Amino acid sequence: MRSHLLNDTTTEHYRRSVTEGVERVAAKLAATDRPFTGVTVDDLAPRIDAIDLDQPLRDTTAVLDELEDVYLRDAVYFHHPRYLAHLNCPVVIPAVLGEAVLSAVNSSLDTWDQSAGGTLIERKLIDWTAARIGLGPAADGVFTSGGTQSNLQALLLAREETKTQDLAKLRVFASEVSHFSVQKSAKLLGLGPEAVVAVPVDHDKRMQTVALAHELERCAEAGLVPMAVVATAGTTDFGSIDPLPEIAGLCEQYGAWMHVDAAYGCGLLASLKYRHRIDGIERADSVTVDYHKSFFQPVSSSAVLVRDGATLRHATYHAEYLNPRRMVTERIPNQVDKSLQTTRRFDALKLWMTLRVMGADGIGALFDEVCDLAAEGWKLLAADPRFDVVVEPSLSTLVFRYIPAAVTDPAEIDRANLYARKALFASGDAVVAGTKVAGRHYLKFTLLNPETTTADITAVLDLIAGHAEQYLGESLDRAC
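And the structure:
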């Protein structure tokens, strides 16, 4: 079994095995003509359940053959131009190369003596991102597993900075369409269910600053503590960007920590055309970025950035076996001093490889393409009488609903849209997402693939309308 350990004596085995795996994936990508096969849980589960993990196949080719049957054939392929559902991007090749390197070397980024150059590369990328945001010379941060962890850490720092012992007094303000991780983080931080105050949004799904000011004033009058305001730069459902400068002014007025959840909208940091849409982000106390959303990186690749690096001390604990206090005076950089995680992958390498091969302008140009595509898609939807589109996009998301000409019952329209989404997924021809707006079911395109065209959007809209009309026709037949 030692022949399977990666070391100086097994490099040829490593090369052959990885090459065979890469060739399988490359062949699959080249032959994929739709984003999904339409396989069901009932079809796939028995195949996986039948595998006896205590009986190894002992042959890489045989294992890859099996993997084709239980995973590769039926995977949902985000690189396909008609995958239009969630915040999953196609990935750039330099980042995939970085993934291969970091997995093989297997550095752990918690301490210098486990990572050396990896520590410094991550720190360089944090400095680069903080400079792009404009946080100032005292800024710092750390890579995380994703936006949920980044938001949690930011709110942990905000809680500690209040220096308030009575957690029942703390309040967090976020728009009613902010990410659910705000509520989850509050619970994990020991705050009560009333701690997160949902602030109404305007027609464009942006936080209403008048409403925020009213809630902050109520908080002050009640003797409560405004722990943080979470502004969103790219909501999950709508891609909407809250009015960051106005929110920053209110945070300064009421002494609240300003956190910007830019997990989605961080692609604008590299944009050549639309960077101005997140003006005001430089006034934040902390920022979440998800490179694996709009920087075209493989999962996971995220970071939390802070204006004042000293606040990261709230996540610092020392252990003699890992990062004893003496290392601080010896100026030994241990990233675990900043992180909620201990063992942590060198995910920063993927972004490093991308920037060194493509440059920031290359990433920004790709993100600009999908923002431009969304603008064209909005025009198509707004001009199509079959659909109702909710808001003009700020990023690359379109939320819309099929509206049949002859049906007025909202519940029946809901069912038609739900059916259309399910039928489309079952066909495998395209994948779209869904959400609710004012209690009604809507569909959603999240456009993160520069290879997607307006022709793809038009074709998918026709498929949606066809499935919805089929459902309504069958419904009418059943009623008769």
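Letter by letter, the sequence shown follows residues 11 to 490 in this note's numbering.
C-beta: ideal position from N, C-alpha, C; glycine also.
Predicted model only: the values in this text are computed from it and were never measured.
Enumerate, from N- to C-terminal direction, the unbroken alpha helix (DSSP H) stretches of 4 or more residues contained entirely within the segment 115 to 198. Here the runs fully enclosed are 122 to 125, 127 to 143, 157 to 172, 191 to 198.
Threonine 339 by DSSP, collapsed to three states: which one? Counting from one through the sequence shown, the residue named residue 339 turns up at place 329. Of the three classes helix, strand and coil, the one that applies to threonine 339 here is helix, per DSSP.
Alpha carbon to alpha carbon, how far is arginine 354 from serine 113? Give it in angstroms, no decimals. Locating residue 113 in the sequence shown gives position 103, where the first residue counts as 1. Locating residue 354 in the sequence shown gives position 344, where the first residue counts as 1. One C-alpha to the other measures close to 12 Å.
Do alanine 294 and valine 270 have their C-beta atoms closer together than 8 Å? Residue 294 sits at position 284 when you count from the first residue of the sequence shown. Residue 270 sits at position 260 when you count from the first residue of the sequence shown. Contact: yes.
Please name the residue in Gln351, Arg44, Arg396 whose C-alpha comes closest to that of alanine 416. Taking the first residue of the sequence shown as 1, we reach residue 416 at position 406. Put simply, of Gln351, Arg44, Arg396 the residue whose alpha carbon is nearest the alpha carbon of alanine 416 is Arg396.
Pull the bridge partners of threonine 407 from the DSSP assignment, please. Within the sequence shown, the letter at position 397 stands for residue 407. Paired residue(s): Thr456.
What do you reckon, are the CB atoms on leucine 145 and glutamate 256 nearer than 8 Å? Locating residue 145 in the sequence shown gives position 135, where the first residue counts as 1. Locating residue 256 in the sequence shown gives position 246, where the first residue counts as 1. No, the Cβ-Cβ distance between leucine 145 and glutamate 256 is not below 8 Å.
Rounded to a whole number of angstroms, what is the C-alpha to C-alpha distance between leucine 94 and tryptophan 138? Residue mapping note: residue 94 aligns to position 84 of the sequence shown, counting from 1. Residue mapping note: residue 138 aligns to position 128 of the sequence shown, counting from 1. Approximately 30 Å between the Cα atoms of the pair.
Which residues in the same chain as glutamate 78 place their Cβ atom closer than 6 Å to its Cβ, once the five residues preceding and following it in sequence are excluded? Against the sequence shown, residue 78 aligns to sequence position 68. Short of 6 Å from the beta carbon of glutamate 78, and not among the five residues preceding or following it, lies no beta carbon of its own chain.
Nearest CA to the CA of asparagine 116: which residue from Ala475, Leu359, Pro420, Tyr429? The residue labelled residue 116 in the question sits at position 106 within the sequence shown. Between asparagine 116 and the set Ala475, Leu359, Pro420, Tyr429, the nearest pair of CA atoms involves Leu359.
Which same chain residues end up closer than 6 Å to cysteine 490 when comparing Cβ atoms and leaving out the 5 residues on each side of it in sequence? Numbered from 1 along the sequence shown, position 480 holds the residue referred to as residue 490. Here the model assigns cysteine 490 a pLDDT of 48, short of 50, so the residue's position is not dependable and the matter cannot be decided.
Using C-beta distances below 7 Å, list every residue in its chain close to leucine 67, excluding the 5 sequence neighbours before and after it, in chain order. To locate residue 67, count along the sequence shown from 1; it is residue 57. The beta carbon of leucine 67 sits closer than 7 Å to those of Val73, Glu76, all from its chain and outside the five residues before and after it, given in chain order.
If you compare alpha carbons, which of Ala443, Gly387, Pro420 is closest to alanine 469? Mapped onto the sequence shown, residue 469 falls at position 459. Sorting Ala443, Gly387, Pro420 by C-alpha distance to the C-alpha of alanine 469 places Gly387 at the top.
Cα-Cα separation between leucine 97 and threonine 246, rounded to whole angstroms: Position 87 of the sequence shown, counted from the first residue, corresponds to residue 97. Position 236 of the sequence shown, counted from the first residue, corresponds to residue 246. So the alpha carbons of these two residues sit roughly 8 Å apart.
Since phenylalanine 410 and leucine 453 should fall inside the 8 Å C-beta cutoff, what is the C-beta to C-beta distance between them, to a whole number of angstroms? Here residue 410 is taken as the residue at index 400 of the sequence shown, counted from 1. Here residue 453 is taken as the residue at index 443 of the sequence shown, counted from 1. With a contact defined as Cβ atoms closer than 8 Å, phenylalanine 410 and leucine 453 qualify at about 6 Å.
So for arginine 83, helix, strand or coil by DSSP? If you number the sequence shown from 1, residue 83 lands on position 73. Correct three-state label for arginine 83: coil.
So proline 236 is in the beta strand (DSSP E); what residue range does that whole segment cover? Position 226 of the sequence shown, counted from the start, is the residue given in the question as residue 236. Residues 235 to 242.
Beta-carbon contacts of alanine 221 that lie in its chain and below 7 Å, excluding the five residues immediately before and after: Start at 1 with the first residue of the sequence shown, and residue 221 comes out as number 211. If we look at alanine 221 and ignore the five residues flanking it on each side, its Cβ neighbours are Val209, Pro210.
What's the gap between the Cα of alanine 465 and the Cα of histidine 189? Counting from one through the sequence shown, the residue named residue 465 turns up at place 455. Counting from one through the sequence shown, the residue named residue 189 turns up at place 179. So the alpha carbons of these two residues sit roughly 31 Å apart.
Cysteine 490, DSSP secondary structure in three states: Counting from one through the sequence shown, the residue named residue 490 turns up at place 480. The predicted position of cysteine 490 is uncertain, since its pLDDT is 48 and thus under 50; a value taken from the coordinates is nonetheless stated next. Look at cysteine 490 here: in three-state DSSP terms it is coil, with no helix or strand label.
Out of Tyr481, His89, Val239, Leu278, which one is the CA nearest neighbour of leucine 405? Within the sequence shown, numbered from 1, the residue matching residue 405 stands at position 395. Comparing Cα-Cα distances from leucine 405 to each of Tyr481, His89, Val239, Leu278, the minimum goes to Leu278.
Skipping 5 residues on each side, what residues in its chain have a beta carbon closer than 8 Å to that of glycine 438? Taking the sequence shown and counting its residues from 1, the one referred to as residue 438 is at position 428. Setting aside the 5 residues that flank it on each side, glycine 438 is surrounded in the same chain by Arg44, Pro45, Phe46, Thr47, Gly48, each with a C-beta closer than 8 Å to its C-beta; the list follows chain order.
DSSP three-state assignment for methionine 11, whether helix, strand or coil: For the purposes of this step, residue 11 is taken as residue 1 along the sequence shown, with counting starting at 1. It is coil, neither helix nor strand.
According to DSSP, is lysine 303 part of a helix, a strand, or is it coil? As a first step, residue 303 must be located in the sequence shown, where it is residue number 293. The three-state secondary structure of lysine 303, taken from DSSP, is helix.
Are there any heavy atoms of the ligand SAH lying less than 7 Å away from the beta-carbon of alanine 313, as far as the coordinates show? Here there are no bound small molecules, and the ligand SAH is not part of this structure.
Leucine 350 beta carbon less than 8 Å from that of glutamine 163: As a working mapping, residue 163 is identified with position 153 in the sequence shown. As a working mapping, residue 350 is identified with position 340 in the sequence shown. The Cβ-Cβ distance between glutamine 163 and leucine 350 falls below 8 Å.
Endpoints, the alpha helix (DSSP H) within which methionine 268 is located: Numbered from 1 along the sequence shown, position 258 holds the residue referred to as residue 268. Looking at the DSSP string, methionine 268 is not in any alpha helix (DSSP H); the run it does join, the beta strand (DSSP E), is 267 to 272.
From the DSSP output, which residues share a beta bridge with threonine 445? Here residue 445 is taken as the residue at index 435 of the sequence shown, counted from 1. DSSP output for threonine 445 lists Tyr452 as bridge partner(s).
Rank Pro104, Phe183, Leu39, Gly290 by C-alpha distance to the C-alpha of methionine 368 and give the top, closest one. As a working note, residue 368 is residue 358 in the sequence shown. Among Pro104, Phe183, Leu39, Gly290, the Cα nearest to that of methionine 368 belongs to Pro104.
Please list the terminal residues of the continuous beta strand (DSSP E) segment that includes phenylalanine 397. Residue numbering aside, residue 397 sits at position 387 when the sequence shown is read from its first letter. For phenylalanine 397, the uninterrupted beta strand (DSSP E) segment begins and ends at 397 to 399.
So what's alanine 440 in DSSP terms, helix, strand or just coil? As a first step, residue 440 must be located in the sequence shown, where it is residue number 430. Three-state DSSP puts alanine 440 in coil, outside helix and strand.
Looking only at C-alpha atoms, which of Ile474, Ile467, Ala393 sits nearest to lysine 432? Working through the sequence shown from its first residue, we reach residue 432 at position 422. Of Ile474, Ile467, Ala393, the residue nearest in Cα terms is Ile474.
Straight-line Cα distance separating aspartate 398 from leucine 391: Numbered from 1 along the sequence shown, position 381 holds the residue referred to as residue 391. Numbered from 1 along the sequence shown, position 388 holds the residue referred to as residue 398. A straight line joining the alpha-carbon of leucine 391 with that of aspartate 398 spans about 7 Å.
Over the uninterrupted alpha helix (DSSP H) stretch that includes leucine 74, give me the two end residues. Counted from its first residue, the sequence shown places residue 74 at position 64. 70 to 77 is the extent of the alpha helix (DSSP H) around leucine 74.
Does histidine 302 pass the burial test, meaning 16 or more other C-beta atoms within 10 Å, or should it be called exposed? Here the question's residue 302 lines up with position 292 in the sequence shown. By the 10 Å Cβ count, histidine 302 comes out buried.
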